[in-house]
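Taking it in order: structure first as structure tokens, then the write-up.
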Amino acid sequence: MIECTSQFGENGRCLDPLTITLWASRTNIREGETTQVTISLDSASSGSLDTNIALDVPSGASLSAVDSADTCTANLCKISRTLDPKGVADVSLQMTCESAGDLELHSKVTYVGQSVGVGNTLEYSKTLTCEPVTPPIVIREPVLPPIVILLVFLGLLFLGLLYLGILAIVGRRRAPQKTAETLRPLHEYQAEADLMRKRMLAEEQAHTQRLKEEHAQQQKLAESKQAAAVDLEKSYVNRQGRQVKLNYSGYEVFPDSGKEFHRWYAEKEVFRKYGEWFEKEYPMHQWGDFEVHHIDNVKTNNDSPNLAVILGEEHIRLSHAFPDGDRAAGIQELRRHGIKQPHISELK
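Using this note's numbering, the first residue of the sequence shown is number -5, and each one after it goes up by one.
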């Protein structure tokens, strides 16, 4: 990728920057299994861009097309894509593991820069592991002859009767003891029960008080946000250098599409950059399963250290009952639920 610091790039030519991300739904697969491979293209320039993509794998795997317009042989796929006006495109293929070993996926993307119409080529590789299928171990239990089973049963029955007989003889020889010597006084149990009831009542009262305080805090925050007048039609350049405006919920969105900026930015700067970490921590989940949480409760603070990419059920459990802008309280709330993030030092 060639990036221009002025109006000229390498050899006096300036090409439109293009970012390639190659990832798979699973990095460890078994022989005979199939996984989805996705090539994500992201251009820093807006407007359509024509690309030619070639993806090849070694002889230990095979590729097949998802889109009927794509051409795939056993080990090579050739695809043509035009980036949409936002400068993004995703290409999905199916890869089948045929023999155990490391599989290196190699992609080559050729495109023509919009600035001067000069061709450029980018290459990107990713290694997947194909694990061998281990046949199940069948343990055959020895079969005992019926006569042996019968003898064992009779022996256990005899021992049980003998044990009961010994208990009966010993029980008759023991002298009965007084109730006061064997049982605890009734008033001790009563005192413990009273103490337990008092503790439960105190905990219930404390919990009720916490709920009242949280409700009052949330109501105060809602009133303060409602009182703030916001011009929803006025667009501006945010701290990340993008033209945005505010929606009715107070989030920054792109003016032309209405797409939420914080989700787009978190996917690009967090989820894609730390893809291997998310594959390890959340192996069964895709991007659509995640929510983007503003740690300090400020919806327009879209700096990547303030954006936590978490599952929807994790986001529901979080409490927002603290003042806007209190990042320390937001970090403490995430720690309380055991949530980690690869790009935030306090949550690693």
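Note that CB positions come from ideal geometry on N, CA and C, so glycine has one too.
Asked: Threshold first: 4 residues or longer. Then list the alpha helix (DSSP H) segments lying entirely within the region 221 to 265, N to C.; Found: 255 to 260
Asked: Could you check which residue in G95, A94, E27 and T121 has the C-alpha nearest to that of L49?; Found: T121
Asked: Indicate the three-state DSSP secondary structure (helix, strand or coil) for Q335 in the structure shown.; Found: coil
Asked: Put K342 into one of helix, strand or coil per three-state DSSP.; Found: coil
Asked: Would I163 be called buried (16 or more neighbouring beta carbons within 10 Å of its own) or exposed?; Found: exposed
Asked: If I follow the unbroken alpha helix (DSSP H) through Q326, where does it start and stop?; Found: R321 to R330
Asked: Can you give me the start and stop residues for the alpha helix (DSSP H) that I310 sits inside?; Found: G306 to R311
Asked: With distances taken from CA atoms, which of S313, G319 and D318 is nearest R329?; Found: S313
Asked: Can you tell me where the alpha helix (DSSP H) with K274 in it begins and where it stops?; Found: G269 to E275
Asked: Any idea if S74 is buried or exposed, counting beta-carbon neighbours within 10 angstroms, 16 or more meaning buried?; Found: exposed
Asked: Express the C-alpha separation of N22 and G375 in angstroms, rounding to a whole number.; Found: Residue numbering for the chain in the displayed model covers -5 to 342; residue 375 lies beyond these limits and cannot be assessed.
Asked: Which residue or residues does DSSP assign as beta-bridge partners of N46?; Found: S74 and T104
Asked: Between the alpha carbons of K192 and E207, how many angstroms are there, rounded?; Found: 23 Å
Asked: Report the rounded CA-to-CA distance for T67 versus E227, giving the unit in angstroms.; Found: 51 Å
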